[in-house]
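Below: the structure, in structure tokens.
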Amino acid sequence: MSAFTIISASLLIAIMIRPAAAQTFELVCQGTHGYPDVCDNYSYAVYCAGITGSLHYDATSDAGTGAQRRAAIGCTGAANQCARTGTQCDEYPYASTYDGGLGCYPGGYAGQDHLKQAGTTRCANGPQNGRHGQAIGQFYSNMLHNNNGQAFLVGYQNDVRGPLGELIRTQGTGACPDDSTGIYRYRTTPATDSCPSRGSGNQRRANDVVSNSTNLAHAVELQMHNVTTESGRVVTVPYSKENSDAVTKFLAVGQPIWTHSDDGTGVSETIVTSNVME
Numbered sequence: 084m085s086a087f088t089i090i091s092a093s094l095l096i097a098i099m100i101r102p103a104a105a106q107t108f109e110l111v112c113q114g115t116h117g118y119p120d121v122c123d124n125y126s127y128a129v130y131c132a133g134i135t136g137s138l139h140y141d142a143t144s145d146a147g148t149g150a151q152r153r154a155a156i157g158c159t160g161a162a163n164q165c166a167r168t169g170t171q172c173d174e175y176p177y178a179s180t181y182d183g184g185l186g187c188y189p190g191g192y193a194g195q196d197h198l199k200q201a202g203t204t205r206c207a208n209g210p211q212n213g214r215h216g217q218a219i220g221q222f223y224s225n226m227l228h229n230n231n232g233q234a235f236l237v238g239y240q241n242d243v244r245g246p247l248g249e250l251i252r253t254q255g256t257g258a259c260p261d262d263s264t265g266i267y268r269y270r271t272t273p274a275t276d277s278c279p280s281r282g283s284g285n286q287r288r289a290n291d292v293v294s295n296s297t298n299l300a301h302a303v304e305l306q307m308h309n310v311t312t313e314s315g316r317v318v319t320v321p322y323s324k325e326n327s328d329a330v331t332k333f334l335a336v337g338q339p340i341w342t343h344s345d346d347g348t349g350v351s352e353t354i355v356t357s358n359v360m361e
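My numbering numbers the first residue of the sequence shown as 84 and each following residue consecutively.
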């Protein structure tokens, strides 16, 4: 057997045993290393605006594309209410995904029909926003292996949902904040026409900014998928019936999942050992 054959066989084995991409990003909503403001924006998007399901990582995104998405959702220029208060504009879906900027994608992307056509923002504490950005960056490189277009879910660590999420848990969607203060915003129409291409169906509502977000809680019946991992971590992912298939696939027993360490400083990939759908 030649050296080339041995090397080729070893390479093939390495490719075959490469772990699957962990398809769930875990939000840390409490503790020194948590980012509750970012968690609140996620809760606002999910429970108040009905934005659920998987996001799609854009490995080709550069500073220009990210800026276009942030401009479209109102995180730059005169539309950015957060600049007046010394806070940072956190957006969901993330500007690092094809769903960001209300489905803002480069020409030629083939998955546009599946992109989110709505988005939310929250004025967030700067260090918290930075910690979340660092965590999601580690997730993309270490867990998604920078696979372009890779779909992934977002969930809560140990079902701790941040202040707004906990309020909605006890009081229902009537606790969804009024976005007239500018702290929270919901959009279905871009603040600026800065994107080269956009998916269809982004006009879910006629208003650019809805004056009272309690009106956003449209008829989306949310359920919870709670998974336990081999490391003992519990991760909770809200979902709607329309995207239950993807959630079931990503969170099945035996699937990899990405979690923080207890102190929030490290990340690791572990395996789903059990799940309960509520």
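Beta carbons: idealized from backbone N, C-alpha and C, even for Gly.
- According to DSSP, Y322 shares a beta bridge with Q306.
- Between the alpha carbons of S144 and Q221 lies a distance of about 16 Å.
- Ranked by Cα distance from T311, the options L334, N326, P321 are led by L334.
- In this chain, the beta strand (DSSP E) harbouring R268 covers 267 to 270.
- Contact annotation: S277 and A161 have beta-carbon atoms that are not nearer than 7 Å.
- Counting along the chain, R205 sits inside the beta strand (DSSP E) bounded by residues 202 to 207.
- Rounded to whole angstroms, the gap between the alpha carbons of L236 and V121 is 15 Å.
- Taking each of T135, T342, N358, N309 in turn and checking the Cα distance to S323, the smallest one comes out for T135.
- Two segments are said to touch when three or more pairs of C-beta atoms, one from each, lie closer than 8 Å; by this definition the region 227 to 241 touches the region 313 to 332.
- A residue is called buried when at least 16 other Cβ atoms come within 10 angstroms of its Cβ; A128 meets this threshold and is buried.
- DSSP places V330 in the helix class (H, G or I) of the three-state scheme.
- As the crow flies, the alpha-carbon of G257 is around 8 Å from that of I251.
- The alpha-carbon separation between T331 and E109 amounts to approximately 16 Å.
- Scanning L138, T107, S179 for the CA closest to the CA of G147 turns up S179.
- Secondary structure of I340 (DSSP, three-state): strand.
- Going by C-alpha positions, G149 is about 19 Å away from Y269.
- Between L247 and D328 the beta-carbon gap is near 28 Å, outside 8 Å, which marks them as no contact.
- Taking the CA atoms as reference points, A132 sits about 8 Å from T203.
- Three or more beta-carbon pairs separated by less than 8 Å link the region 207 to 214 to the region 157 to 173, which places the two stretches in contact.
- Secondary structure note for Q171: its beta strand (DSSP E) is the uninterrupted segment 171 to 175.
- Here N229 is exposed. Its C-beta has fewer than 16 other C-beta atoms within 10 Å.
- A193 counts as exposed, since fewer than 16 other beta carbons sit within 10 angstroms of its beta carbon.
- Taken through DSSP and simplified to helix, strand or coil, N241 comes out as coil.
- In the DSSP annotation of this structure, the continuous segment of the beta strand (DSSP E) that includes L110 starts and ends at 107 to 110.
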